[in-house]
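Mapped onto my numbering, the consecutive letters of the sequence shown carry residue numbers 121 to 444.
Before any comments, here is the structure.
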Amino acid sequence: MHDGETGFCRVRTAEDGTLYTKVYELVDGMAADPIEKKPLFHFAPGSHAFSISTSSCNFRCQFCQNYHSSQRESPVGEHMTPSSIVDLAQRYSCGGITYTYTEPTIFIELAHDTAEIAHSKGMFNTFVTNGYMTSETIDYIAPYLNAASVNFKGSGNKKFYNDLMSVPKVEPIFSSMQRMHEKGILIEITNLIIPEVGDHPDDTLNLARWVVKNLGARTPFHVLAFYPTFKLTSVPRTPVEMLEKHIAIAKEAGLEFVYSGNIPGHDYENTYCPECGFKAVERHSVYLESNNLSQEGRCPKCNADLNMSGVQWMVRGRGSMGLF
Ligand SMILES: [Zn+2]
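The following block contains the structure:
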């Protein structure tokens with residue numbers, strides 16, 4: 121960028137040869153959410169995450185659920201320092217902080233400084249991200265990042281990313297996941313199935329196979345139903361049968377923890393032990409109903425490793441529905 125220019129993200133400006141961010145300490149959205157709402161089903165089940173975001177994004181998804189915030193022309197928000205964010209998270213009894221709603225790499229400096237303080241106080245840090253970042257970004261945040269929900273749309277189909285999200289290529293997302301995996305960060309994947317434009321069974325099969333091969337068969341994989349929003353209102357909701365077809369494809373590819381999303385009450389919201397079939401975690405929508413895992417996060421019946429992480433922050437027994 122030349123002096124006086126602002127990037128595609130709308131938050132970074134060049135002045136006298138230096139890049140400045142407009143969103144450091146400018147928090148556009150915050151809430152105390154169940155961790156299941158991120159969705160993270162295999163990280164600290166039953167805990168609460170203090171969720172923050174700033175304005176803007178590096179993608180232009182025509183179906184963004186948070187477009188009011190992600191597609192703002194200029195950033196707005198409340199002035200909050202990293203330590204004041206951590207203090208507020210503790211006041212709301214949250215086990216940690218999630219950087220979400222818009223893309224956390226947009227406000228990576230704020231996320232980094234907040235995560236460092238939270239980590240020093242024994243709290244967790246998680247990302248909800250589109251995965252489009254450099255390895256340097258991952259290395260910068262990795263010492264404090266415990267888990268990431270990496271969000272795919274239309275199973276990562278390149279043309280779909282080009283046409284409906286203004287994203288030139290998808291390879292960086294796969295490189296990011298490999299890097300995070302190497303760094304020991306738990307990855308959960310979401311895949312939004314959009315009827316007519318982003319619903320190819322082959323794309324889901326390819327994505328699921330890649331995950332099995334590179335991240336492991338016990339990587340949680342959430343298949344999400346679309347609902348019309350923002351500029352994409354001419355496309356209908358994802359029918360349950362279509363979602364179930366994609367769930368079946370992901371399972372056939374070898375994934376052992378496949379979940380449904382945005383279909384409250386669906387049986388695929390629960391965690392079943394892949395070895396003995398026991399219902400280890402029961403959920404309704406994005407709320408935990410009961411957590412029957414062992415203290416170590418394993419199957420209480422057969423002691424199978426269920427790829428649960430952040431167990432030091434999990435809440436066992438009945439869930440805390442309606443606390444917030
Ligand atoms: Zn079991």
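Every residue, glycine too, gets a C-beta built ideally from N, C-alpha and C.
{"Asked": "Considering only residues of the same chain and omitting the five flanking positions on each side of cysteine 214, which have a CB-CB separation below 8 Å?", "Found": "Ala152, Ser167, His168, Ala169, Phe170 and Met243"}
{"Asked": "Please work out which residues of its chain come closer than 7 Å, Cβ to Cβ, to arginine 403, disregarding the five sequence neighbours upstream and downstream, and give them in chain order.", "Found": "Glu156, Glu389, Asn390 and Glu409"}
{"Asked": "Please list, in chain order, all residues with a C-beta atom less than 5 Å from at least one heavy atom of ligand 1.", "Found": "Cys393, Glu395, Cys396, Phe398, Cys419, Lys421, Cys422 and Ala424"}
{"Asked": "From Ile258, Asn326, Pro288 and Arg438, pick the residue whose C-alpha is nearest to that of glutamine 298; which is it?", "Found": "Ile258"}
{"Asked": "Is the number of C-beta pairs between the stretch 173–180 and the stretch 342–360 that are closer than 8 Å three or more?", "Found": "no"}
{"Asked": "Express the C-alpha separation of isoleucine 367 and proline 292 in angstroms, rounding to a whole number.", "Found": "25 Å"}
{"Asked": "Would you kindly report the start and end of the unbroken beta strand (DSSP E) that includes leucine 208?", "Found": "No beta strand (DSSP E) holds leucine 208; the alpha helix (DSSP H) holding it covers 202–211."}
{"Asked": "Do histidine 162 and methionine 428 have their C-beta atoms closer together than 8 Å?", "Found": "yes"}
{"Asked": "So, using beta-carbon positions, are serine 380 and valine 406 closer together than 8 Å?", "Found": "no"}
{"Asked": "Could you say which of Ile261, Asp283 and Pro224 lies nearest to lysine 303 if we only look at CA atoms?", "Found": "Ile261"}
{"Asked": "Phenylalanine 350 and tyrosine 187 - do their beta-carbons sit closer together than 8 Å?", "Found": "yes"}
{"Asked": "With distances taken Cα to Cα, identify the nearest neighbour of histidine 81 among Cys393, Glu376, Leu363 and Ala373.", "Found": "Outside the displayed span of the chain (121 to 444) sits residue 81, for which this structure offers no information."}
{"Asked": "If we require 4 or more residues per run, which alpha helix (DSSP H) segments fall completely within the stretch 131–204?", "Found": "187–190"}
{"Asked": "Taking the C-alpha atoms as reference points, what is the distance between threonine 234 and serine 203?", "Found": "7 Å"}
{"Asked": "In its own chain, which residues sit with a C-beta less than 6 Å from the C-beta of glycine 417, not counting the 5 before and 5 after it?", "Found": "Met428 and Val431"}
{"Asked": "Measure the alpha-carbon distance for arginine 329 versus leucine 160 and round it to whole angstroms.", "Found": "21 Å"}
{"Asked": "Mind checking whether threonine 246 and threonine 225 have CB atoms under 8 Å apart?", "Found": "no"}
{"Asked": "Look at the Cβ atom of phenylalanine 377, then the Cβ atom of proline 348, and state whether they are nearer than 8 Å.", "Found": "no"}
{"Asked": "Candidates Phe179, Met121 and Val131: which alpha carbon is nearest valine 196's?", "Found": "Val131"}
{"Asked": "Return the chain-ordered list of same chain residues with a C-beta closer than 7 Å to the C-beta of threonine 310, the five sequence neighbours on each side being excluded.", "Found": "Pro159, Ser269, Asn271, Phe272, His342, Leu344 and Gly381"}
{"Asked": "So, helix, strand or coil for lysine 371, using DSSP?", "Found": "helix"}
{"Asked": "Report the three-state DSSP secondary structure of leucine 426 (helix, strand or coil).", "Found": "coil"}
{"Asked": "Could you name the residues of the same chain whose beta carbon sits closer than 8 Å to that of cysteine 396, not counting the 5 residues immediately before and after it, in chain order?", "Found": "Cys419, Lys421, Cys422 and Ala424"}
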